[in-house]
Structures are given as C-alpha cells and as structure tokens.
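Residue numbers (full-length UniProt numbering): 1 to 159. Idealized CB from N, CA, C, for every residue including glycine. Computed from a predicted model, the values in this text were never measured in an experiment.
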C-alpha cells in the first residue's frame, strides 16, 4: 500500500504515473488490472480530497479505519498524506479556477484628446493557445481599475 501510495502521490505532484511500477506492485500483490485501477483511483481521491479540505493525518487514518481499511494501511496512507499534502495542495491551487493566464498587457498609444484608452491583453489558454483581446476603457476608469486590481492582488497574496 505504501509503495502504491507513493506512486500515486508522485503522480499528483509531478503529473506522471509510473505505470510499470504500479503494474509491478499490483502483480506482486496478485491483483488483477481492474483492482489496480480502482486502488489508484481511490488513493488519488483520498489524497486530493484530504489535501483540498485540510484533513489532519489522525482524522484521515480514523476515517479510513471506519470505512474498513486495516490499521496498518490507514496509517501508511496517513503518513503519505502528511509527507505529500503541501505539494498536492500547491498543485491543486495552481490548477484551480484556471481558464486562462495573462501573458502580457499593453496600453496602446492613442491621441491625448481621446477620452478612451485601448488596452491589449494576451491570454494563454489552458490548451496552450494564445488569444489577443482589446479593451476600450475611459481614461478615468483606468485609475480605478488599476487601484482595484492592486487591491485584489494584495488580497490574493495574503491568502
């Protein structure tokens, strides 16, 4: 259980599941392919959910035992949770609510008599493609927008 849990935790933090290692571990335990897939999926759910909701290792171990997992397996999973929880939480937060990422922002030059400024945004989508967008905003609203964005950034950094 410990070795399989380590492979799943590595998959969650680094993004690659070592299928050969998982296959070897499950073959040594004489499990068929369906049981192996179920165990990997269950461990993935346990690690991501416990990291997402900030479950303590003691509570996780207790809950797993109440669900029928033997004590030695539940303590092994709880230890893995303790070891890998910060990395899994960081990966989950980097993936959360992410539709696109701002690559660049540029204020396009316009004549000084114009009451409107044009802002060009370059967004990098989740699929890797870049998309250009332009926004026309009044010059008075630019200062308000900038102030609000700085306040939002400060709030996000404090979390």
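Quick check on the DSSP output: the alpha helix (DSSP H) that includes residue i runs from which residue to which?
i, result
"residue 161", "As displayed, the chain neither begins before 1 nor continues past 159, which places residue 161 out of reach and without an answer."
"residue 20", "19–28"
"residue 16", "Looking at the DSSP string, residue 16 is not in any alpha helix (DSSP H), and its letter there is neither H nor E."
"residue 94", "71–95"
"residue 62", "57–66"
"residue 34", "33–52"
State the CB to CB distance for the pair residue i and residue j, rounded to an integer number of angstroms; the pair is presumed to be in contact (CB under 8 Å).
i, j, result
"residue 60", "residue 81", "5 Å"
"residue 134", "residue 144", "With a Cβ gap of about 19 Å, residue 134 and residue 144 do not count as contacting."
"residue 139", "residue 117", "5 Å"
"residue 49", "residue 64", "Wrong, their Cβ atoms sit about 12 Å apart, outside the cutoff."
What is the rounded straight-line gap between the Cα of residue i and the Cα of residue j?
i, j, result
"residue 121", "residue 131", "8 Å"
"residue 78", "residue 53", "14 Å"
"residue 149", "residue 128", "25 Å"
"residue 58", "residue 124", "41 Å"
"residue 15", "residue 113", "52 Å"
"residue 142", "residue 87", "38 Å"
"residue 115", "residue 109", "12 Å"
"residue 28", "residue 72", "18 Å"
"residue 31", "residue 95", "33 Å"
"residue 137", "residue 38", "53 Å"
"residue 36", "residue 25", "9 Å"
Classify residue i: buried if its beta carbon has 16 or more other beta carbons within 10 angstroms, exposed otherwise.
i, result
"residue 33", "exposed"
"residue 4", "buried"
"residue 159", "exposed"
"residue 156", "exposed"
"residue 126", "exposed"
"residue 99", "exposed"
"residue 51", "buried"
What first and last residue would you give for the beta strand (DSSP E) that runs through residue i?
i, result
"residue 131", "130–138"
"residue 106", "100–108"
The ligand SAM heavy atoms versus the CB of residue i: any closer than 6 Å?
i, result
"residue 19", "What this structure holds is no ligand at all, so the ligand SAM is not there to describe."
- Task: Indicate whether the contact test is met: 3 or more Cβ pairs, each with one atom in the stretch 104–115 and one in the stretch 77–92, closer than 8 Å.
- Result: no
- Query: Given 8 Å as the limit, is there contact between the stretch 1–14 and the stretch 42–50, that is, 3 or more CB pairs closer than that?
  - Reply: yes
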